[in-house]
Every structure is written in structure tokens, then in C-alpha cells.
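Student: In the working numbering, the protein residues as written are 100 to 845.
Backbone N, C-alpha and C fix where the C-beta goes; we use that ideal spot for every residue, glycine too.
Right, here's the structure in full:
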């Protein structure tokens, strides 16, 4: 591989990583802002690690962009990073306005990355970017040059301020000055050796401000036993200083050998140290190194503790952990040690996860799936040619292994749909505010897995359905209140597995579809007659909105009214062998049900025969099979254990004829299939059993063929059509209700 190819590959990795980080940044910023609120922030999400994750994302993008000489991205990301840095330090109030500004910054950064991806370079320093930079800079400097500590979260408050506190404005260098607590026990011979304890305290004042001093007299002997040259006093000092712990410890350098000098952060600063540890880069540091790096431990204290640990090991006794020794010796506090240990564990866990993940190009996975599909077909052919017992057993073992390989290969392409759902948080926020509505997005079934290709192809249809629900479905707060509804509307995205397919529901609690307006528009456009309109059932009325160019909007807006969209939504969903169904109730809301296949590659199938042809039914849709006697009356249903089960004769529906199969003595079979809440019996000539089915597309010529979703190649080389159970079951149900359905056709 040439150097240029290596650089292109590295650049591609940077773009993919940056896009993933920006998606995570958007989710993190959205979590700071509770849904439906434009005036507050989400205190539950306002913790140190959450803000740190946002900062690390920006910092990583800036660092990686610098490696490729992308100075425009580096400069802009620096401004974004600076705001996040002040947020994590508790120096900047986190407000809804600030979150909105950061989201705009994130969007601009995403545009720059997309320009790199599509054009190989980004257009930086545009007027729009310059205006955004000015706003980011202004956000870092509140009025008056003061630092604002708002929403007293763990970022900005210590343990003592557990109760809600008002917003505080402080001048630079006062309340935020580091505080220390000094515990001084001078050696008994200090005075005798020419060391005056009070001189050390006076010298200490040169480094900062002593705000509290307590003299300890517990070691004073009776007056008649007192020695004038012996030091008996101790001191507890609260000290404010910008000096480091090392600098303060240097004051007592000449008395450290025979004195007990403990320099600890004040209790009010423990939370600050914990926060500082959490914000450290994810470097491979040891416990002592972390504590020295943040300034809560001196190098001498670390060396002494390590020596004590080593001495204990030399005696054969179990040595105490380093953190325990440091706390026992009074060198630091337990919460600070625990925070450092947690940081170590976090770094270790992250690296462990990173080592378990391997990024693979999608086209390589596609090639693997195709090869597995060919292996499935070859395995089936091999099983047909097995002659004796040993060959049959070997073929069965190969079939089992191939099935295992198939399942594992397909799982490589499975992703959780929650990541796609989460992207709509931003859409709901922005569009609802643009329309002056108050809408909360509820997500259910985020851990439902489906093929990555399908997830990518339903993103645009879902986007259109979500925007339609916001624009047309959910009413304004004033209208909702007048109708006795909560002012805040609810939009729900739900996903679940159902009968071997994925069911995605987009629902809202808005006003529902307007039947009269839809029918009036359909009559106006000549889609139906006035007489037919009155007799149409609701399901067929709702289906009219999928007609090309159909719209009931009174005005054209940025969101709707052009009549372009719902027909495209249906076409895109059907292109991936899916279907869409609508349920709506006036004043209650609307539900859009999208039924999609689990995968576009390989499924478990059930082979049946009709008129001498072989067909495949998705195995997950098959409930049971039974014999259908020829003497049974030819009616559109049977009694299945007290349940009226509608029937569909596959030969009739597909227009197939076969003289042998048409004999009155031919026994048929019924396959009971179920999709969603509908069940029906499909009458076939023969049952051939389960079969691993490699799905082959039919091509554009048969794209609109109803009841057929694809084809497959059997082990003997024969081509079999894959039946789409949903329209077959629906057709059988309608026939049983008294409306004769025509034969399936293209």
C-alpha cells in the first residue's frame, strides 16, 4: 500500500470517528436539556463525567484534525472546547441558551467534517462561522468579567452544599482560591535545634492567607515539669493560597524529619479534587502518579508510603494497598483515593472494550454474507445427493455447521435501532420550538436489533413521519389545553420483534387524521367519487394519503404542504419488503405501523407446494400445519378449535393450474400463518419442511408484485418464490368478511 493510500485510509478513519463523536456529543447536549423545557437544564445529567465526555469528544476531534493539518477545524473546535472546559470547571452557568449555542457549534463542526468527506477540504472562516465564534467567545465571559457558578451541581459544589443554593457571582481570585488544611505537630526538639514554630507560621503568610488557626495544648505537661526548650504546641490551620502542596510543604522542609506535617485540601475542596481526577486525560497512570499530578500528594509522601509498603512485604506480612497507607498516614482523604481508583478502573475498562471492538468495512461484511448464502445453497444441494447412512450423517452435520455460521454472520450486521431513534431527539426539539409546540419524545424498544442496511434505509421515512406528526398531528399548547389535554404533547417511537419481522410504531397523542378533509381532497382530485367516499372504511381513507401529491395542508411551509413525501415513504418501505399501516382516532391520535423484515439476506423458511411449484413461507409466520380433507366444503373459512380461521387457496390466488393437483381426491394441507394480530390458513398441495432461504431480489420488473417478496435457489437448482405472508393473510381476512378479493397480480 502506497503512502497516499495509507493517508486516505487514515483520513477515512478520522472522518468516521469524528462523525461518531459528534453524534455522541449531540445526544449528550440533548440530555442536558429536559424535553419540553426551554428555560432550564437537566440537573440529573449535569455531572462531571457527563460534561467531561462532551469535552473529550471535542478535544479528540481537535487533536485528530491537527494531525491532518485541518487548521480550520482545529481553530473552530478550540472555541467549542473552551466553552466546554469552563462548564466542566463549574465556571460557566449551564443554561438552555448555552446548550442551544453548543448544539449550533456542533452542527457547524459536522458540516466541516462532511465537507472534508465529500470535497476533500472544508470551507472555514465563513461569515456564519465568524458570527458563531463571536457568540462562543462571548459565552465564556459573562457580564462584569465575573465567573458564574450556577446550578450547584457536583461540578461546582462540594459535599457541604447538598441543599439547593442560590446562584453566586464571585470576583476572580477570591472564593475560588484553593483552600488547604494544615495539621502541624512540631518535634519536641525543634526549639532546641533553633527552629521556631511561630517563624514557620509567619513565613506561611507570605504564600497566602491564614483564615483560621487553632493552637493545640494537649501535650503541655504540668507547670513544674515544663522544659523551656521543648516544643509542646501544635496548630490546626485553615489556609488559602494559590501555592501548590509541594510549595507549602517546602516551608517546613527543615523540620519534616522529626515533626508531623500534614497538608490536606480543605473538606470544601474534596469535591473539586474528585472532579479534577475525573477530568484527567485517559493515560495509563498509577495511583500515586495521579495523586501527585493533581497536587493532593507530594513526591516525598508518595516515596514514604511506597517505602512502608515495601518494608511490610520484606517481612513476609501482607502489605496494605497504597491508598490505604496514604489515608492512614494522613497524606490524603479517602474520597480522593477512591476517585483515583475509579479513574484507573474506567481507563482499564475502556481499553478493554476498545480491544474487543474491531472496525470492519460494510462491503466486506456484505461479501461475507453473500458467500454464506452460497454456502447455504451448496449445503442443501450436498444433502440431496447423500446416498448412504454415513453420507447422510455427514451432510446433516455440515448443515448444522452452516446454519450456525449463517446465524453468526447475520448477527455481525445487526445493530440496535435505539441509535437511530436517538437522532430524533434533536429533530423534535428544533421543529417543535419552531412551531411553538411543547412535545416530548418517548422511545421504547431501543435495544431491538435489525440489519444495519435496513436501519440506514428507514432513517429518511422515519424522519418524514416524525416531522408530519409534529406539524400535522400534535396540536399547539393552547389548543390542547382547550380540549382538556396536557399542554405537552407526546410523540412515541417504539420497536419490537413480531412474527419474524420488526414492527416500528410512530404514534402521537394529537388530533388524529381528519376523515372529512381527506375525503374532500380525494374527491377534488378525482381519486374517488362522492358516492364512494361515504362508504369507504377508515383504513382505505387513511391509505389515500399515500397517493402521489396528496396533501391536506392549507399552506405551504418548510415542513409540509407540497404534497411530496408520504407516497415516497410508502415506496421506500415497500422497496425493502416492508409495509406501512395507519390507525387513527379523532381527538386521540395517530399510529403509523411499519412492518419490516429482520434482514435482507437469509431467513428460515418453510417450503410448500402448489400446482407443482415450490414456494417459501417465512418460518416465523408459520404457527401450525394440518390436513385439509377434499370432502371439506369449499367455503372461505374453517373452524379451528372454536376459532373462525379465514382460508386462502394459494393456487387460486396465484392463478396456477395443475391437472394432477385439481383431482377431487387430492388431499391438501393448511398452513396456519400469523402476522401481527391477524391469522389465516393458506391452503397448499404439499408440505416440504423447513429450509434455510437465501433471499434473491426479483428485480425492477417485479418490484410491485403483491404477495411475493423475493426468490431463492433450492439445493436442486430450482428457483422458488418467497411468499409475503402479510398481504396474503390480509386478503384472506377480507375474503372471509364477504368482499371477494381479485387474484394477486403485478
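Which term fits residue 334, buried or exposed, when burial requires 16 or more other beta carbons within 10 angstroms of its beta carbon?
Tutor: Buried, because 16 or more other Cβ atoms sit within 10 Å of the Cβ of residue 334.
Student: If you reduce the DSSP assignment to three classes, tell me which class residue 328 lands in.
Tutor: Three-state DSSP puts residue 328 in coil, outside helix and strand.
Student: Quick one: give me the first and last residue of the beta strand (DSSP E) that residue 569 is part of.
Tutor: Run containing residue 569: none; DSSP gives neither H nor E here.
Student: Mind checking whether residue 446 and residue 369 have CB atoms under 8 Å apart?
Tutor: Result no, Cβ atoms of residue 446 and residue 369 do not sit closer than 8 Å.
Student: Quick one, are the C-beta atoms of residue 588 and residue 573 less than 8 Å apart?
Tutor: Cβ distance < 8 Å, so residue 588 and residue 573 count as in contact.
Student: Give, in chain order, every unbroken run of the beta strand (DSSP E) that is at least 3 residues long and sits entirely within the segment 295 to 339.
Tutor: Listed in chain order, they are 307 to 315.
Student: Please classify residue 239: does DSSP put it in a helix, a strand, or coil?
Tutor: Correct three-state label for residue 239: coil.
Student: Given this structure, state the Cα-to-Cα distance separating residue 175 from residue 561, to the nearest angstrom.
Tutor: When rounded, the distance between both Cα atoms is 32 Å.
Student: For the 8 Å Cβ check, are there 3 or more pairs between the segment 386 to 397 and the segment 320 to 328?
Tutor: Touching, no.
Student: For the beta strand (DSSP E) containing residue 768, list its first residue and its last residue.
Tutor: Unbroken beta strand (DSSP E) run through residue 768: 767 to 774.
Student: Measure the C-alpha to C-alpha separation of residue 790 and residue 545 and round it to an integer number of angstroms.
Tutor: C-alpha separation (whole angstroms): 31 Å.
Student: By the DSSP assignment, the beta strand (DSSP E) with residue 756 in it spans what residues?
Tutor: First-last for residue 756: undefined, no H or E at that position.
Student: Take residue 401 as the anchor and find which of 412, 152, 694, 387 has the nearest alpha-carbon.
Tutor: Looking at the Cα atoms, 387 is the closest of the given residues.
Student: Using only the alpha-carbon positions, how far apart do residue 150 and residue 189 sit?
Tutor: So the alpha carbons of these two residues sit roughly 10 Å apart.
Student: Could you tell me if residue 780 is buried or exposed, where buried requires 16 or more neighbouring beta carbons within 10 angstroms of its beta carbon?
Tutor: Per the 10 Å Cβ criterion, buried.
Student: Quick one: is residue 420 buried, meaning 16 or more other Cβ sit within 10 Å of its Cβ, or exposed?
Tutor: Burial call: exposed.
Student: Taking the Cβ atom as the reference point for each residue, do residue 746 and residue 782 lie within a distance shorter than 8 Å?
Tutor: Going by C-beta atoms, residue 746 is nearer than 8 Å to residue 782.
Student: Buried or exposed: which applies to residue 138, given that a residue is buried once 16 or more other Cβ atoms fall within 10 Å of its Cβ?
Tutor: Legend: pLDDT at residue 138 = 48, less than 50; position of this residue unreliable, value from coordinates given subsequently. Exposed.
Student: Hey, out of 648, 685, 684, 682, whose CA is closest to residue 667's CA?
Tutor: If we check each option's Cα against that of residue 667, 648 comes out closest.
Student: Determine the closest residue to residue 298 out of 201, 350, 280, 714, with distance taken between C-alpha atoms.
Tutor: Of the listed residues, the one whose Cα sits closest to residue 298 is 350.
Student: Decide if residue 396 is buried, meaning its Cβ has at least 16 other Cβ atoms within 10 Å, or exposed.
Tutor: The residue in question, residue 396, is buried, as its Cβ has 16 or more Cβ neighbours within 10 Å.
Student: Sorted by chain position, which residues of the same chain lie with C-beta nearer than 7 Å to residue 186's C-beta, five sequence neighbours on each side aside?
Tutor: The answer, listed in chain order, is 150, 193.
Student: Does the contact criterion of 3 or more C-beta pairs under 8 Å hold for the segment 716 to 730 versus the segment 535 to 544?
Tutor: With the cut-off at 8 Å, the segment 716 to 730 and the segment 535 to 544 do not touch.
Student: By Cβ distance, which residues of its chain are closer than 7 Å to residue 294, with the 5 residues on each side in sequence left out?
Tutor: Around residue 294: 353, 354.
Student: Pull up the CB-CB distance for residue 553 and residue 699, whole angstroms please, since I reckon it's below 8 Å.
Tutor: The Cβ separation is near 7 Å, so the contact holds.
Student: Could you please give the first and the last residue of the uninterrupted alpha helix (DSSP H) stretch that includes residue 180?
Tutor: From DSSP, the alpha helix (DSSP H) with residue 180 extends over 170 to 187.
Student: Whole angstroms is fine: what's the gap from residue 245's alpha carbon to residue 180's?
Tutor: For residue 245, the predicted model reports a pLDDT of 36, less than 50, meaning its position is unreliable; a value from the coordinates is still stated below. Approximately 20 Å between the Cα atoms of the pair.
Student: Answer yes if the segment 399 to 417 comes into contact with the segment 465 to 479, meaning at least three C-beta pairs across the two stretches below 8 Å, and no otherwise.
Tutor: The segment 465 to 479 vs the segment 399 to 417: no contact.
Student: Taking the continuous alpha helix (DSSP H) assigned at residue 677, which residues delimit it?
Tutor: Careful: residue 677 lies outside any alpha helix (DSSP H) and carries neither H nor E.
Student: Who are residue 791's beta bridge partners in DSSP?
Tutor: Answer is 703.
Student: Under a three-way DSSP split, which group does residue 748 fall into?
Tutor: Strand, per DSSP.
Student: Does residue 740 pass the burial test, meaning 16 or more other C-beta atoms within 10 Å, or should it be called exposed?
Tutor: Label assigned to residue 740: exposed.
Student: So, with DSSP's three-state summary, where would you put residue 115?
Tutor: DSSP places residue 115 in helix when its eight states are reduced to three.
Student: Among the residues of its own chain, which have a CB less than 6 Å from the CB of residue 576, if the five just before and after it don't count?
Tutor: Here the set comprises 537, 586.
Student: Quick one: any contact between the segment 682 to 692 and the segment 603 to 612, if contact means 3 or more CB pairs under 8 Å?
Tutor: A contact exists between the segment 682 to 692 and the segment 603 to 612.
Student: Note the first and the last residue of the continuous alpha helix (DSSP H) segment covering residue 647.
Tutor: From DSSP, residue 647 is part of no alpha helix (DSSP H); its letter is neither H nor E.
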